[in-house]
Each structure stands twice: as C-alpha cells, then as structure tokens.
Amino acid sequence: MSEKFDVIVVGAGPAGTSCAYTCAKNGLKVLQIERGEYPGSKNVMGGVLYRKQMEEIIPEFWKEAPLERPVIEQRFWMMDKESSVSFGYKGLEWGKEPYNNFTVLRAPFDQWFAKKGVEQGVLLINETVVLECLTENGKVVGVRTDRPGGDVYADVVVLADGVNSLLAKQLGYHKEFRPDEVALTVMEVINLSKDKINDRFNLEDNQGCTIEIFGDSTKGNLGTAFIYTNKESVNIGVGTTLSSMIKAKLKPYDLLDYLKTHPMVRPLIEGGESAEYLAHLIPEGGYHSVPKVAGDGVLLVGDAAQLVNAIHREGSNMAMASGKMAAETIIEANKRDDFSEASLNQYREKLYQSFIIKDLEKYKDAAHTFEHYPQYFKEYVPMMNRAASKFFTVDGTPKRDKQKEIMKSITSERGTIRVLQDMYRAWKAVK
Amino acid sequence: MHIVVCVKQVPDTKIIKINPKTNTLDRRSAPAILNPYDAHAVQEAVKIKKMLGKGIISVLSMGPPQATAVIKKSIEIGADRGFLISDRAFAGADTLATSYALSKALERISKENPVDLIICGKHAIDGDTGQVGPGIARRLDIPPVTNVIEVSELNESESTVLLKRKITSGYELIQAQVPCLLTVEKEINSIEYSPMPNMIKAARYEPVIWSVNDLEDVDRTQLGLKGSPTIVGKMFTPPKPEGGKRLEGNADEQVKQLMELLSDKKELFAPQ
Numbered sequence: 012m013s014e015k016f017d018v019i020v021v022g023a024g025p026a027g028t029s030c031a032y033t034c035a036k037n038g039l040k041v042l043q044i045e046r047g048e049y050p051g052s053k054n055v056m057g058g059v060l061y062r063k064q065m066e067e068i069i070p071e072f073w074k075e076a077p078l079e080r081p082v083i084e085q086r087f088w089m090m091d092k093e094s095s096v097s098f099g100y101k102g103l104e105w106g107k108e109p110y111n112n113f114t115v116l117r118a119p120f121d122q123w124f125a126k127k128g129v130e131q132g133v134l135l136i137n138e139t140v141v142l143e144c145l146t147e148n149g150k151v152v153g154v155r156t157d158r159p160g161g162d163v164y165a166d167v168v169v170l171a172d173g174v175n176s177l178l179a180k181q182l183g184y185h186k187e188f189r190p191d192e193v194a195l196t197v198m199e200v201i202n203l204s205k206d207k208i209n210d211r212f213n214l215e216d217n218q219g220c221t222i223e224i225f226g227d228s229t230k231g232n233l234g235t236a237f238i239y240t241n242k243e244s245v246n247i248g249v250g251t252t253l254s255s256m257i258k259a260k261l262k263p264y265d266l267l268d269y270l271k272t273h274p275m276v277r278p279l280i281e282g283g284e285s286a287e288y289l290a291h292l293i294p295e296g297g298y299h300s301v302p303k304v305a306g307d308g309v310l311l312v313g314d315a316a317q318l319v320n321a322i323h324r325e326g327s328n329m330a331m332a333s334g335k336m337a338a339e340t341i342i343e344a345n346k347r348d349d350f351s352e353a354s355l356n357q358y359r360e361k362l363y364q365s366f367i368i369k370d371l372e373k374y375k376d377a378a379h380t381f382e383h384y385p386q387y388f389k390e391y392v393p394m395m396n397r398a399a400s401k402f403f404t405v406d407g408t409p410k411r412d413k414q415k416e417i418m419k420s421i422t423s424e425r426g427t428i429r430v431l432q433d434m435y436r437a438w439k440a441v442k
Numbered sequence: 048m049h050i051v052v053c054v055k056q057v058p059d060t061k062i063i064k065i066n067p068k069t070n071t072l073d074r075r076s077a078p079a080i081l082n083p084y085d086a087h088a089v090q091e092a093v094k095i096k097k098m099l100g101k102g103i104i105s106v107l108s109m110g111p112p113q114a115t116a117v118i119k120k121s122i123e124i125g126a127d128r129g130f131l132i133s134d135r136a137f138a139g140a141d142t143l144a145t146s147y148a149l150s151k152a153l154e155r156i157s158k159e160n161p162v163d164l165i166i167c168g169k170h171a172i173d174g175d176t177g178q179v180g181p182g183i184a185r186r187l188d189i190p191p192v193t194n195v196i197e198v199s200e201l202n203e204s205e206s207t208v209l210l211k212r213k214i215t216s217g218y219e220l221i222q223a224q225v226p227c228l229l230t231v232e233k234e235i236n237s238i239e240y241s242p243m244p245n246m247i248k249a250a251r252y253e254p255v256i257w258s259v260n261d262l263e264d265v266d267r268t269q270l271g272l273k274g275s276p277t278i279v280g281k282m283f284t285p286p287k288p289e290g291g292k293r294l295e296g297n298a299d300e301q302v303k304q305l306m307e308l309l310s311d312k313k314e315l316f317a318p319q
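So the protein sequences, as listed, match chains H and X. In terms of my numbering, the first sequence is numbered consecutively and its last residue is 442. In terms of my numbering, the second sequence is numbered consecutively and its last residue is 319.
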C-alpha cells in the first residue's frame, strides 16, 4: 500500500495552506495537493487580505509577504447613471503597524504562503487533480489523484478545493448550487503607473484605497462592483448573483465593460493596460448554505464550506480562520487517535462559536431580502442621487423647502407606508 | 548503466517580455522552468532505464540555488538523484565556461559511479546555442551525437548504442560507442504524466549542492565571466512583421487588383 500521511489537504488557497501550515508546524505529516501549476495560479479574489486572521497564522507577515498596498481608505459609492453619492473613511493609522488590511495579488501571495508551509514541512504537490475521496465503510481514508499510482492515504482529508467543491458534492455534503446562492464575479487587473494611481486616488507613497460600488455598477441588480489599488495596477471587478444575471439576461463581461466605461469610473482607469482577466464563483448563500463541515475522516474549510460574508466582502479571512480551526481540531484528534465524525465535530463547534458563523447568521436573510425586493438597488440608489443633487444645487430655494421637496418626492414615488416598510425590512436583514 | 542528464533552468520564453531599453530578457516577467528539451532528455533516460530494467539516472545542473527546482522536476519525471553546482565563481559563464564547469562536475560524479551515457537537450530556449552539450563531450573526450530522435539497440556487452539523428534532408542511423553524449530533439519521446510516488519523492528530495571547492583540478581562470570569451556585440528585437494587405471584392476584381499591385512592384521582376 502507498504511503500514509497524518493529513491530506486538497487545495492550496488561503484555507488549505492555513490548515497545512498549522498542522505541519505542530509536527504532523502533511501532504498538500494543488491542481494548478503553482499555488495561486488558479486562485481568484477581489484582492483584499485582512491582517488579523493572517497574523494569527504568521505573526508580522507584512514584513516579508508579497503584499501590494496597505488600505488606508475605504470608499463606498451609491452610483447612478451620471452621478454618485459617496461616503467612506480614510485613516492614516491604517497605514502603520499593525495595519488593518492590504491589497494583494493572489498569484505571488498564495505562492509565498504555500512556501511558508513547505518550510514547516508540508509536502506540496502541484499540477495534480484529486478525483475523489477514498472511503472505507463510510469513512474517508485518503484520496485518488489523476496520476498513475495516484492513491494516497491519511487519517484526515481536508477539503479546501474551493467554492464548487466537487469532492464535497461526491460525499453528498453539498447540493448543486441554486442560482441565488452563488455570485459570478468577473474582474480585470489593469496596469497603471504608481504616479497615476496615487494622483487619481489621492494617495501618497504606498497607501492603498478600496472603492465598493452599489447601484448602477450592476445595473441595479443585486451585487457590487469594486476597485482596489495595487502597487502598479488596479483590480476592477463586478459580481451579481447568478439568479439576477439570469433574470436580467446580463452577460458578466458586458457588465464589466459597462462598469469600465461608466463616466464615474472611466477617469480612474483611463489609459491603463489590461493585464489579466479573471472570473470566480463566490458562495453567497451565507448561513443557510453552510454544508455539513465534518464527517468521518474529513473536514471542509474556506469556500468549500461556503464561508463567505458577501455583505462585508470577507472570504479569505474566514478561509484562513477556518483552516486554522480545522488544523487545531486535527491536532487534538491526533492525540486521541480518533478521527471519527464525533471527534472531528470539534471543528464544527469552533466554527459556530467564532465570528465566522456568527457573522453569517447576522446577515442570514440579507441576500434574500435584497434579491427579493430589488427596490433597494434599483430605486433607492437613484433616489439618493436625485436627493443629493437637489439638496446641493444652489438655486435660491431655501434649504428647508428643499428638504420638504425631497421627502415629498421620495414618499410620492413609493408611498410613505412602503418606504417605512422597506426601511424596516432592510434594518431587520442586517441588524 | 549510469546515465547523467544535464538540465538547465530557463525563463519561460513563451511569455517573457523584453526590456525595450536594454534589449535583454526581463527575467522577472516569466516563471523559471525546466528547459523543455532537457525534460525530454530526462524522459529518454527514464525510457532507457525501463528498457534495460536497471540503471541509475543522475541529473546535473548549474545555476543559482533556486535551480534546485529543475532537479526536483527531473525527479518527478523519474530521475533518481540530482546535483547542482552553484557558486559565485560560475556566474556570468558563456557556453565555453559552462561546459568546463559541468565537465568538472561530471568527472566527480564519474569518480563515484562511472558514467555510461550523458544526455542533454538540443539547446536551451533562452540562448538557443546548442554548444554546451558538444562542449562537454569534447572536454571529456567522448563522442557527441546531436539532434537525436531515437535511441535503440543498447548493447551493454558490446558497449554500443544505435541512434537516429535528425538532419536537414532526412535522418542518419549511427552506431556510437558508449560512453557518449547525446543531445535530443523534442520528438524523441513524449513526456509522461509523472506517477504520484515520483511526485512525493520529488517534493521531499534535497539535491546535492556543490560549490567550486567541491570540484577537483579546477582552473579558476576558465570559470564564470573570466573564463568566457564570448562578447555580445549587439542585441535587438526583430520588428513584428506587419499584417498583409487584404484584397476585397469578387474574384475578378481581386485578380485585377493583384495584377496592378504586382506590376507596380518592379523590383519583383528581373531587369530585362
């Protein structure tokens, strides 16, 4: 029989590598299998890496990790066709240790992170696809890869194979996605000189900025667009749930083109050279879509466990935290020499007691509410823009009269009762 | 049979960019890979070992410490062990100095385990010279056979090997005396999908790294930049060919246009 490991981790994204790193650091024999040419070659995200959860795995990682810029400003735009209401926060304290978050490019970052795992003793194998989990009497005992002599065995298999976890589906943990549980995001990396980025985004040196855009960025559909500054490029992308895309007959690349040529966006990226085009499914089902995360000899982490907070665009941090929790569970299980579901369920408990499931639970109805009641994106964003335009246009009308006029136009458009209903519903969904 | 395969780490020239100011390769713009011809060289060694049912395959490379990656890649394909010679003294070597350094390393490898066959790729895709392989053969005083597309009839008792060699007008069949050095074309084999046990072995493998002090009888003046008489006179990027002219209209119109174009180009016709 071929070699047996303590742990096999399938996938070398943030979740898989956090788990592999932590296990190896604690002396376990870890095999990590990645299908891409190298870790990060197939991995996609908008581009924000959160400091806190990464730091819990590698303290002071910012001193050596290939990061782009520390984010010192977060902007939010409520965008209409030819206008935008914006708010945000810029704080220089985010530009200093210990920082808040960073923009990153996944290819260099994931490669670096996986290398840290290898330094801890992880055996990393690239360009290898895991076809299925090997089971004996219902217990997962290893994996079958697509290579000759490709069966490898372990006490625990960790599925970190991403949002569309085929392995979890085979085990019956995942159902096929409903179109409203998953968003399709398309993005481009656009090369721009450092000077241009700093001028256009009002930044100095290596300061970074993120912009989240709601409203016309998705043509009023449920979803968001984003622009993040890297060192010498910007990531620009847009995503909506598959269900909205189907309903509105939108093509994702059309939506991205629409965003790039939008008069509010175009000046920021003018003259840039498109370097990469990426697309990714994002699990947005939230709390209700989290599958069974632990079984006999198997754990699900990161996107494979659908751990994404769509409202706060948090995913990689949840991936890392879940990977670490899985590792801690495995280390304990290894001491007890018990890898049954009952033993590994410790991971589920950790997950449900942590910020991950608590946050997902807080917003469990949000996506559904905003999907089911399209007025928030379709009507209120333009309404806000009209109100702001009216209020800030100097035309000799007393401000109090303007306020009255604005309130009147809002209530006459949707009716006072309905406005109150909408506000209450939105508050309930995110409270 | 002991086969040594010489391998080189090269930038992936399919995607590399050229610095427009200096006309040199911008090595940061492309990942480093195992020279594709060398991958076929390793694969051929694996094939020969399988054919004979025994033997040992060593790989040898020269380069910075990160070049251990191509040795690990060779282990994935099926090599048994690997050596890297890595030292500042080797830096800046041209093909003459490179073949000198590699031949010194081969002497050391041969001392422990006599070498029967050396296989190299036809050339490296970054320099395209194809000189290092024959250079090594000359220094070790063994016959070089370049552009090999088939290895057959390895006769161990007679120490001969039958080789098919690609030439412009067809191919040559050559019987060579072993030990000899081959440089191989890509069509010699197809790279097999490496088995899982090789992958695990490679992930664990730590190549032997030798500095210049680990090699014997080395004349340092023949190493690195000092030992490299090659001088690059000029480098330029060939201009991209412009797209041709497309003739529109029906067949008659197109023929008419073509005739006009041709008759305008007097330089196409021999002077009368």
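Glycine included, each C-beta is placed from N, C-alpha and C at the ideal position. Predicted, not measured: the structure shown is a model, and the values here were computed from it.
{"Query": "Cβ neighbour criterion (16 or more within 10 Å) applied to R75 (chain X)", "Result": "exposed"}
{"Query": "Endpoints, the beta strand (DSSP E) within which L311 (chain H) is located", "Result": "V309 to L311"}
{"Query": "Opening and closing residue of the alpha helix (DSSP H) in which P393 (chain H) lies", "Result": "V392 to F403"}
{"Query": "Closest Cα partner of V57 (chain X) within the set X:I50, X:L72 and X:P67", "Result": "X:L72"}
{"Query": "Counted within 10 angstroms of its Cβ, other Cβ atoms place V51 (chain X) as buried (16 or more) or exposed", "Result": "buried"}
{"Query": "Cutoff 8 Å: Y147 (chain X) Cβ touching any chain H Cβ", "Result": "no"}
{"Query": "Cβ-based neighbour list, N54 (chain H), same chain, cut-off 7 Å, excluding 5 preceding and 5 following", "Result": "G24, R117 and D121"}
{"Query": "L309 (chain X) to L315 (chain X) span [Cα, whole Å]", "Result": "8 Å"}
{"Query": "Within 8 Å, strictly: CB atoms of R251 (chain X) and L42 (chain H)", "Result": "no"}
{"Query": "Close-in-space but distant-in-sequence residues of the same chain around R189 (chain H) (CB under 8 Å, 5 per side omitted)", "Result": "S254 and G296"}
{"Query": "Nearest neighbour of L60 (chain H), chosen from H:K389, H:M331, H:C34 and H:E243 [CA to CA]", "Result": "H:M331"}
{"Query": "Beta-ladder partner(s) of S108 (chain X), from DSSP", "Result": "X:V54 and X:L131"}
{"Query": "The segment 261-269 of chain X contacting the segment 108-116 of chain X, beta-carbon criterion three pairs below 8 Å", "Result": "no"}
{"Query": "P190 (chain H) in three-state terms, based on DSSP", "Result": "helix"}
{"Query": "Cross-chain neighbours of G160 (chain H) in chain X, by beta carbon under 8 Å", "Result": "P242, M243 and P244"}
{"Query": "Closer than 8 Å to chain X by CB, T156 (chain H)", "Result": "yes"}
{"Query": "Cβ neighbour criterion (16 or more within 10 Å) applied to S327 (chain H)", "Result": "buried"}
{"Query": "K419 (chain H) beta carbon less than 8 Å from that of K401 (chain H)", "Result": "no"}
{"Query": "N- and C-terminal bounds of the beta strand (DSSP E) containing G226 (chain H)", "Result": "G219 to G226"}
{"Query": "Contact list for I19 (chain H) against chain X, beta-carbon separation under 9 Å", "Result": "Those within 9 Å of I19 (chain H) in chain X number zero; the least Cβ separation is about 11 Å."}
{"Query": "CB contact check: V276 (chain H) to chain X, cutoff 8 Å", "Result": "no"}
{"Query": "Cross-chain neighbours of G163 (chain H) in chain X, by beta carbon under 7 Å", "Result": "The sequence shown places Val at residue 163 (chain H), rather than the Gly named in the question. Within chain X, the residues near V163 (chain H) are M243."}
{"Query": "Secondary structure, alpha helix (DSSP H): runs of 4+ residues fully inside the segment 264-317 of chain H", "Result": "277-280"}
{"Query": "Alpha helix (DSSP H) segment containing F124 (chain H), residue limits", "Result": "R117 to E130"}
{"Query": "Counted within 10 angstroms of its Cβ, other Cβ atoms place T142 (chain X) as buried (16 or more) or exposed", "Result": "buried"}
{"Query": "For V167 (chain H), the nearest candidate out of H:V312, H:P159 and H:L279 (CA to CA)", "Result": "H:V312"}
{"Query": "C227 (chain X) versus X:I63, X:V198, X:G217 and X:I235, residue with shortest Cα-Cα distance", "Result": "X:V198"}
{"Query": "Inter-residue CB distance, P242 (chain X) and G160 (chain H) (contact presumed, cutoff 8 Å)", "Result": "4 Å"}
{"Query": "Minimum Cβ-Cβ distance from I247 (chain X) to chain H less than 8 Å", "Result": "yes"}
{"Query": "Close-in-space but distant-in-sequence residues of the same chain around N70 (chain X) (CB under 8 Å, 5 per side omitted)", "Result": "M282, F283 and T284"}
{"Query": "Minimum Cβ-Cβ distance from R251 (chain X) to chain H less than 8 Å", "Result": "yes"}
{"Query": "F130 (chain X) burial status per 10 Å Cβ neighbour count (16 or more: buried)", "Result": "buried"}
{"Query": "C-beta atoms of V148 (chain X) and A140 (chain X) nearer than 8 Å", "Result": "In the sequence on display, residue 148 (chain X) carries Ala and not Val. Yes, these two residues count as a Cβ contact at 8 Å."}
{"Query": "The segment 59-74 of chain H / the segment 197-208 of chain H touching (three or more Cβ pairs under 8 Å)", "Result": "no"}
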